[in-house]
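Add 2 to the 1-based position in the sequence shown for my numbering, that's all there is to it.
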Amino acid sequence: MKQINIKSLRGAIIIIVSFIVLQSCQQQSTSAENSSTDNVYSLKKIALQLVSSNDTIASHLKTFDELDFDVFSNQKWDRLKESHAKDIKVYWPDGSVVAGIDTHIEDLKKLFVHAPDTRIKEHPIKFGSGNYTLVTGVFEGTFTKPMPIGNGKFIQPTGKVFKMPMATVGIWENGVMKEEHLFWDNQTYAKQIGLQ
Numbered sequence: 003m004k005q006i007n008i009k010s011l012r013g014a015i016i017i018i019v020s021f022i023v024l025q026s027c028q029q030q031s032t033s034a035e036n037s038s039t040d041n042v043y044s045l046k047k048i049a050l051q052l053v054s055s056n057d058t059i060a061s062h063l064k065t066f067d068e069l070d071f072d073v074f075s076n077q078k079w080d081r082l083k084e085s086h087a088k089d090i091k092v093y094w095p096d097g098s099v100v101a102g103i104d105t106h107i108e109d110l111k112k113l114f115v116h117a118p119d120t121r122i123k124e125h126p127i128k129f130g131s132g133n134y135t136l137v138t139g140v141f142e143g144t145f146t147k148p149m150p151i152g153n154g155k156f157i158q159p160t161g162k163v164f165k166m167p168m169a170t171v172g173i174w175e176n177g178v179m180k181e182e183h184l185f186w187d188n189q190t191y192a193k194q195i196g197l198q
């Protein structure tokens, strides 16, 4: 008896589920056209957002090339505002953080005192996502001038060349970086210019 009841119950469940499926199919067929149209518009909107985002990222990366290859390498500090916000926060490889474009420019100038030919002329890797960009570069130059170390003291030039990888993560807002995170190995730098 118990088997017959289970079989009957199973049969009833199958009939009920079949009825529910048929009903939902009939209801969906009337709204299928609207749903398909909505899906097309939704996908089109997503595609346009992706294209717009890719265009923005490409623009930021182009600005970054100009920044390193021309503005930084040729010390055109008056043009730094083309890529940096006035109140930019800069995170340096030694862990220090500075705020403001004027402070950042003064810090950048210090890189050229002992190595006036400091430059970045290539970006082997560059990409972005949303308002972030990541650019690697080759940071190079020659230690040809005295390096100030404070209290009126200097390290005399060694004439040695440095060439090392570096990276910058930029966080962009309104076409300029609001944050810049700089990365390179200061120990490698010191070794290459003969300080270690």
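Glycine included, C-beta positions come from ideal geometry on N, C-alpha and C.
From a predicted model like this one, the values you see are computed outputs, not experimental measurements.
In whole angstroms, what separates the C-alpha of residue i from that of residue j?
i      : j      : result
Thr190 : Ser55  : 36 Å
Gln77  : Lys111 : 8 Å
Asp70  : Gly132 : 21 Å
Glu124 : Gly154 : 35 Å
Thr58  : Thr160 : 43 Å
Trp79  : Lys88  : 13 Å
Ala117 : Val92  : 21 Å
Pro148 : Asp67  : 30 Å
Thr120 : Thr146 : 11 Å
Gln194 : Asp72  : 24 Å
Thr144 : Pro150 : 15 Å
Secondary structure at residue i, three-state DSSP: helix, strand or coil?
i      : result
Lys123 : coil
Ser131 : strand
Trp79  : helix
Ile151 : strand
Ile103 : helix
Ile195 : coil
Lys162 : coil
Phe114 : helix
Phe156 : strand
Phe74  : helix
Going by alpha carbons, who is nearest to residue i out of the options?
i      : options                          : result
Phe74  : Ser98, Tyr93, Leu136 and Glu108  : Glu108
Lys83  : Thr105, Ser98 and Trp94          : Thr105
Asp187 : Val140, Lys123 and Leu136        : Val140
Gly130 : Asp40, Thr39 and Leu63           : Leu63
Gln198 : Arg81, Gly177, Glu182 and Lys162 : Lys162
Met168 : Lys128, Ile90, Lys147 and Val100 : Lys128
What is the C-beta distance between residue i and residue j, in whole angstroms, given that I count them as a contact (C-beta under 8 Å)?
i      : j      : result
Ser85  : Met179 : 6 Å
Trp174 : Thr138 : The pair is not a contact, with the Cβ atoms about 17 Å apart (cut-off 8 Å).
Glu182 : Gly196 : Not a contact, Cβ separation roughly 29 Å.
Pro95  : Phe185 : 6 Å
Is residue i near the ligand FMN - that is, is its Cβ less than 8 Å away from at least one heavy atom of it?
i      : result
Val137 : Absence of the ligand FMN is noted for the structure shown, with no ligands found whatsoever.
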